[in-house]
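Same order as they appear, the protein sequences are chains A and B.
All letters in the first sequence, in the order written, are residues 1 to 173 by the working numbering.
All letters in the second sequence, in the order written, are residues 1 to 173 by the working numbering.
From the three backbone atoms N, C-alpha and C, an ideal C-beta is built for every residue, glycine too.
Just so you know, these numbers come straight off a predicted model, no measurement behind them.
Since the structure comes first, as structure tokens, the remarks are kept for the end.
Protein chains: 2
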Amino acid sequence: MRWTGRSGGDLTELRLRPAGPDDHPALWAMLEPVFRAGDTYAVDPAIGRAAALEMWCGGTHRAFLAEAAGEVLGSYYICPNQGGGGAHVCNCGFVTAQALQGRGVARAMLAHALDTARDMGFAAMQFNFVVETNTRAIALWQAYGFEMVGRLPGAFRHPARGEVDALVMYRRL
Amino acid sequence: MRWTGRSGGDLTELRLRPAGPDDHPALWAMLEPVFRAGDTYAVDPAIGRAAALEMWCGGTHRAFLAEAAGEVLGSYYICPNQGGGGAHVCNCGFVTAQALQGRGVARAMLAHALDTARDMGFAAMQFNFVVETNTRAIALWQAYGFEMVGRLPGAFRHPARGEVDALVMYRRL
Numbered sequence: 001m002r003w004t005g006r007s008g009g010d011l012t013e014l015r016l017r018p019a020g021p022d023d024h025p026a027l028w029a030m031l032e033p034v035f036r037a038g039d040t041y042a043v044d045p046a047i048g049r050a051a052a053l054e055m056w057c058g059g060t061h062r063a064f065l066a067e068a069a070g071e072v073l074g075s076y077y078i079c080p081n082q083g084g085g086g087a088h089v090c091n092c093g094f095v096t097a098q099a100l101q102g103r104g105v106a107r108a109m110l111a112h113a114l115d116t117a118r119d120m121g122f123a124a125m126q127f128n129f130v131v132e133t134n135t136r137a138i139a140l141w142q143a144y145g146f147e148m149v150g151r152l153p154g155a156f157r158h159p160a161r162g163e164v165d166a167l168v169m170y171r172r173l
Numbered sequence: 001m002r003w004t005g006r007s008g009g010d011l012t013e014l015r016l017r018p019a020g021p022d023d024h025p026a027l028w029a030m031l032e033p034v035f036r037a038g039d040t041y042a043v044d045p046a047i048g049r050a051a052a053l054e055m056w057c058g059g060t061h062r063a064f065l066a067e068a069a070g071e072v073l074g075s076y077y078i079c080p081n082q083g084g085g086g087a088h089v090c091n092c093g094f095v096t097a098q099a100l101q102g103r104g105v106a107r108a109m110l111a112h113a114l115d116t117a118r119d120m121g122f123a124a125m126q127f128n129f130v131v132e133t134n135t136r137a138i139a140l141w142q143a144y145g146f147e148m149v150g151r152l153p154g155a156f157r158h159p160a161r162g163e164v165d166a167l168v169m170y171r172r173l
């Protein structure tokens, strides 16, 4: 996959591949600051390494890594969002290495995730809990056809902003 | 708790109490036909007993039973719907013994669940996935102040009706 970020240089070629156990140190290095900050994911900021990796890669989740020049730049997981009659809708989570935020890594991962979701036979993708202050993510999801199909009033206690809404976002594939 | 169902008789006194391991046979007897039918819960209709009981009572879930005259009439669970900044919103699931549907058991359980949620310190209750054809449940949630805050288009494949929407319902406590 050709990386279309703005930085150029040795990150021109962004590669997406499935994550394996060997990638756990790199994954945790990206997840830990995001979860500790507690301002985008509804995850206990004190979560430990094993629980975080289980949340990201365990169960029905399939995790992928974005890397360039051997360096891990981001990751996403994909899983069925529900079972039974709801199993045709998938859910994804995304994390980008903090130094690289805003440079197109998330966009490339989202494009890959949409292709992966179709390959896996999913008919739609749903984000269950997008914190309304996470405006960069919301703008990206909207650019890729996601609609705000729900708003959860005061469902997130932001560490700096207090009670804010969370959005449910959805698109058919 | 005084049971206000329409049947009277020996079901007048409905009691709500925490469920324990001894209640698993009665719980599974109620859950199995509901999950097998696959028309209200987004759960694999082929789910096994252990997985169903884990889903209902395991992890962060607390399960309660409704009974009268020593007979189990229904159950609900309550749990945090998210972690971290979302942990002040709870989620619940309800099941009623099939022979007793429409007789006020779910209403009594919901009233108990709202009290329990407040006692546990939750600030809101959210139902993530209410199938739009489940009109009796929707009417009950609305009667108790839940609002439709989201609609997931085609997110449920109903065994008889095909693709239908699922609703996200929410109320502050």
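Chain A has a Cβ within less than 9 Å of the Cβ of P153 of chain B. Secondary structure of T60 of chain B (DSSP, three-state): coil. Annotation: the continuous alpha helix (DSSP H) that includes I138 of chain B extends over 135-143. In the structure shown, L27 of chain A falls within a helical segment according to DSSP collapsed to helix, strand and coil.
Looking at the DSSP output, H158 of chain B bridges to B:G162. Neighbours of G84 of chain A in chain B, taken as residues at a C-beta separation under 7 Å, are given in chain order as G38, Y41, A42, V43, D44, P45. For A66 of chain A, same chain residues with a beta-carbon under 6 Å away, outside a window of 5 residues either side, are L14, L16, L73, G74, V105, M109 in chain order. Taking C-beta atoms as the reference points, A113 of chain B and F129 of chain B fail to come closer than 9 Å.
Contact of H158 of chain B with chain A by beta-carbon distance below 7 Å involves G85. Residues of chain B whose Cβ lies closer than 7 Å to the Cβ of H88 of chain A are, in chain order, R157. Within chain A, L152, P153, A155 have C-beta atoms less than 8 Å from the C-beta of Y170 of chain B, given in sequence order. Counting the other Cβ atoms within 10 Å of the Cβ of A160 of chain B gives fewer than 16, which makes it exposed.
At the C-beta level, Y170 of chain A and F127 of chain A come within 9 Å of one another. Contacts with chain B (Cβ-Cβ distance below 7 Å) from the region 60-74 of chain A involve no residue at all. Taking the CA atoms as reference points, R136 of chain A sits about 39 Å from I47 of chain B. Considering only beta carbons, the part of the region 121-148 of chain B lying closer than 8 Å to chain A consists of A123, A124, Q126, N128, F129, V131, in chain order. It is roughly 8 Å from the alpha-carbon of T133 of chain A to the alpha-carbon of V164 of chain A. Close to A52 of chain A, with beta-carbon spacing below 7 Å, lies no residue of chain B; the smallest spacing is near 11 Å.
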